[in-house]
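Heads up: the sequence lines are chains Y and A, in that order.
My numbering numbers the first residue of the first sequence as 4 and each following residue consecutively.
My numbering numbers the first residue of the second sequence as 9 and each following residue consecutively.
In what follows, a single structure is set out as structure tokens and then discussed.
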Amino acid sequence: MSSPLEALTASLAEPAAGWLAASRARLAREGPGLLPVLFPALARRLGRDLLPAGLHRDGAMLVETGAWRRCDAAGLALAEDCAPDDASLVDLFLHGDMEERIIVLRALGLLPITDGTIRLLGEVQRTNIGVHFEAAVCESNLAVRALEHGGWNQEDLDRLVLKAAFLDVRLPRLFEVFDHVGAETSRMVQGLATEREAAGRDPWVDTNRVVARAPVDGSLERLRRGLADAREEQRLAAAEGVAYLRDAELLKLAAERIDHESSESIRSILAAAVTRA
Amino acid sequence: MRIFEPHAHMFSRITDDYEAMALSGVRAVLEPAFWLGQNRTHVGTFIDYFDTIIGWERFRSQQFGIHHFCTMALNPREANDDRVNDAVMEILPRYLEKDSVLGVGEIGLDDQTSKEEKYFIAQLELAVTHDLPVLIHTPHRDKVKGFARCIDILRDMGFPMERILLDHGNEETIRVTKDIGCVSGFSIYPGTKMSPTRMVKIVQEYGVDGMIINSACDWGVSDPLSVPKTVDKLLQAGVAESDVSKLVWDNPVNFFAQSGRLDVGSMDRPAARDLASTYEGNSVLRGQDPGSY
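Pasting the structure below:
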């Protein structure tokens, strides 16, 4: 699909187009010091209309533009125009309002990874604001791409998955992160689930999908209980986990569960897993 | 009755105030940037304060269904302080572009010094640059002279009067401001400013055109419910409900809508906030609805 900038250009009419052109010209003259004055006006001047949804790849950078708005693409354009240094980029985020911070985070998805990127990923991880977490982690492969930078590693990614569990953000929304879960991820997510259950709360729905990837102590028992859980979404996650893990004991239990399972889709998953075994 | 409270320093109020205001009909508040009760010693504390009133304070307000807006400025009292005045002027342009900033204010005069006038004029120029209306703080001492001086400065600059709200007025100043085309503000504040009863008399004499009322509630002994209490007094005195509504909703909304940043339709419903979210890692809500416990 077209890039966010191409989509923006195609969708802009006056007076927004004129404002953006004038701002880019001003930025070229005055430099990145102008960004703190331009960014707050982006949503107001360019609008919040959504751009066409789709996947856009630029080298190693992959973004899903379903939540991108005109103002987000314009923010990316301004950032690309003047290539702000890390201090300027971080300043834009830290002294931006909620909207400006979303624009900065979306732009990071199509900008090179720098120390500033890592600092802002840390801010997103620290602050628990759902819309910011989603803009940084759910709409591009930024979190995984950041692994190429020395300041961001598997431990950071583990904490990110745990934060997703804490915020109840679904695992499939974490771009490419599923491929990077390991035993430490399982331990952390399983610990949170145990804590929630002790408090009478539902565990994160993707808990069993994660622990099946890299089981730790207690994971097989959790999957076993998941197959008989009263909540269908928990049984579905457990069934998918069991199908992925292909543990003989769990597959034997899965075979026994098929006739007791009320959901047709879960029955199908269990039957396929048992047949493959 | 739906109320737009156009002057409340919620930064220094507690959540009980927000809840009581919401239950009393306050649908939106405007928080002018001002002095915090003691002088600040460096610009960083202004930056943190400005970030708070565009961020955290909005979040707090929205928990109770109240839309939150603000105005930004170097206040006249600290305009006299060379430790901060020029540095605050340097950071103002970025804050004057924020979406929730509906005006420049509070600016104006306090002790009526030459430095106050210098920064007053400089900020009026910023208002022109950023296309914003202006909320003017008028002195609590030697008030009539201060009003007259503010008006002289505005006239000298050719500033459009319909984009000026001259605040903290009283029975004396209304005689000066009623015919010059600005909006006249009255702060219903115990002890030092107006009372609901005095405000009723002013409305009965002058009507409600070009007037707004506010609580100016802050860290002093003040009353965040003084606007709804004045609404009751006005209705009891026989002022038409449509006029009272104009005073506490239409007039402030129309004034601040001149910023071009006030989505009036969005205020048809109370502000909404995702209760599962947090602000800056502050899990104050912990998933709870602050209105039901």
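Ideal placement from N, C-alpha and C gives every residue a C-beta, glycine not left out.
Host alpha helix (DSSP H) of Y/Pro43 (start-end): From DSSP, Y/Pro43 is part of no alpha helix (DSSP H); its letter is neither H nor E.
Y/Arg47 touches chain A at which residues, Cβ-Cβ below 9 Å? Against Y/Arg47, the close residues of chain A are Glu105, Asp107, Gly268 and Arg269, in the order they occur along the chain (beta-carbon pairs closer than 9 Å).
Do A/Val109 and A/Cys78 have their C-beta atoms closer together than 7 Å? yes
Tell me the DSSP secondary structure of A/Asn262 in three-state form. helix
Thinking C-alpha only, which one of A/Ile11, A/Ser250 and A/Ser203 is nearest A/Gly73? Considering only alpha carbons, the answer is A/Ile11.
Between the segment 205–218 of chain Y and the segment 173–186 of chain Y, do three or more beta carbon pairs fall short of 8 Å? yes
What are the start and end residues of each continuous beta strand (DSSP E) run of 3 or more residues lying completely inside the segment 51–84 of chain A, in chain order? 75–80
Mind checking which residues open and close the alpha helix (DSSP H) that includes Y/Pro7? Pro7 to Ser14
Are the C-beta of Y/Ala90 and some C-beta of chain A separated by less than 7 Å? no
Taking 8 Å as the cut-off, does the segment 82–92 of chain A touch the segment 42–52 of chain A (at least 3 CB pairs, one atom from each stretch)? yes
If contact means a Cβ-Cβ distance below 7 Å, which residues of the segment 88–103 of chain A contact chain Y? Hits within the stretch, in order: Pro101 and Arg102.
First through last residue of the alpha helix (DSSP H) which encompasses Y/Ile106: Met101 to Leu111
Do Y/Leu30 and Y/Ala77 come within 7 Å of each other at the CB atom, strictly closer than that value? no
Is there at least one Cβ from chain Y nearer than 7 Å to A/Leu242's Cβ? It does not: the Cβ of A/Leu242 has no partner Cβ on chain Y nearer than 7 Å.
Closer than 7 Å by C-beta to A/Leu242: which residues in its own chain qualify, once you throw out the five before and the five after it? Chain order, please. Val208, Val211 and Val252
Y/Glu236 - containing beta strand (DSSP E), residue span: First-last for Y/Glu236: Glu235 to Leu248, but that is the alpha helix (DSSP H), not the beta strand (DSSP E).
Taking Cβ positions only, does Y/Gly43 come closer than 7 Å to chain A? The question names Gly, but residue 43 of chain Y in the sequence shown is Pro. For Y/Pro43, the answer is yes, since a Cβ of chain A falls inside 7 Å of its Cβ.
Please tell me whether Y/Ala80 and Y/Leu15 are closer than 7 Å, where the distance is taken between their beta carbons. no
Element boundaries [alpha helix (DSSP H), containing A/Asn222]: Counted as a single uninterrupted DSSP element, the stretch harbouring A/Asn222 is not any alpha helix (DSSP H) but the beta strand (DSSP E) occupying residues Met219 to Asn222.
By the three-class DSSP mapping on this structure, what secondary structure does Y/Ala86 have? Under the three-state reduction of DSSP, Y/Ala86 is assigned to coil, being neither helix nor strand.
In chain A, which residues lie less than 7 Å from Y/Glu102 when you measure between Cβ atoms? The answer, in chain order, is Asp107.
Would Y/Pro175 count as contacting chain A if we go by Cβ distances under 7 Å? Closer than 7 Å: no.
Could you tell me the alpha carbon to alpha carbon distance between Y/Arg234 and Y/Arg122, rounded to whole angstroms? 39 Å
How should Y/Gln267 be labelled, buried or exposed, when 16 other C-beta atoms within 10 angstroms of its C-beta is the threshold for buried? Note on identity: in this sequence residue 267 of chain Y is Glu, with Gln being the wrong assignment. Answer is exposed; the Cβ neighbour count stays below 16.
Please list, in chain order, the residues of the segment 33–59 of chain A that have any C-beta partner in chain Y closer than 9 Å. Ile55, Phe58 and Asp59
Among A/Lys153, A/Gly273, A/Thr205 and A/Ser195, which residue has its Cα nearest to the Cα of A/Asp240? A/Thr205
Can you name, in chain order, every residue of its own chain whose Cβ lies under 8 Å from the Cβ of A/His17, other than the five neighbours on each side? Glu39, Pro40, Phe42, Ala224, Cys225, Asp226 and Trp227
Cβ neighbour criterion (16 or more within 10 Å) applied to Y/Gly119: buried
Please list, in chain order, all residues of the same chain as Y/Arg51 whose beta carbon is under 8 Å from its beta carbon, the five residues on each side excluded. Arg72, Arg73 and Cys74
Sufficient close CB pairs (3 or more, under 8 Å) joining the segment 257–274 of chain Y to the segment 173–190 of chain A: no
I'd like the ranges of any beta strand (DSSP E) spanning at least 3 consecutive residues and lying wholly in the segment 142–202 of chain A. 142–145, 172–174 and 191–195
Just the chain A side, please: which residues come within less than 8 Å of Y/His152 by C-beta, in chain order? By Cβ distance, chain A contributes nothing, its closest Cβ being about 23 Å from Y/His152, past 8 Å.
Mapping the DSSP letters down to three states, classify A/Pro91 as helix, strand or coil. The residue asked about is misnamed: residue 91 of chain A is Arg in this sequence, not Pro. Reduced to three states, the DSSP call for A/Arg91 is coil.
Cβ-Cβ distance between A/Val235 and A/Glu13 below 7 Å: yes
Alpha carbon of Y/Ala276 to alpha carbon of Y/Ser189, nearest angstrom: 22 Å
For Y/Pro39 and chain A, any beta-carbon pair shorter than 7 Å? yes
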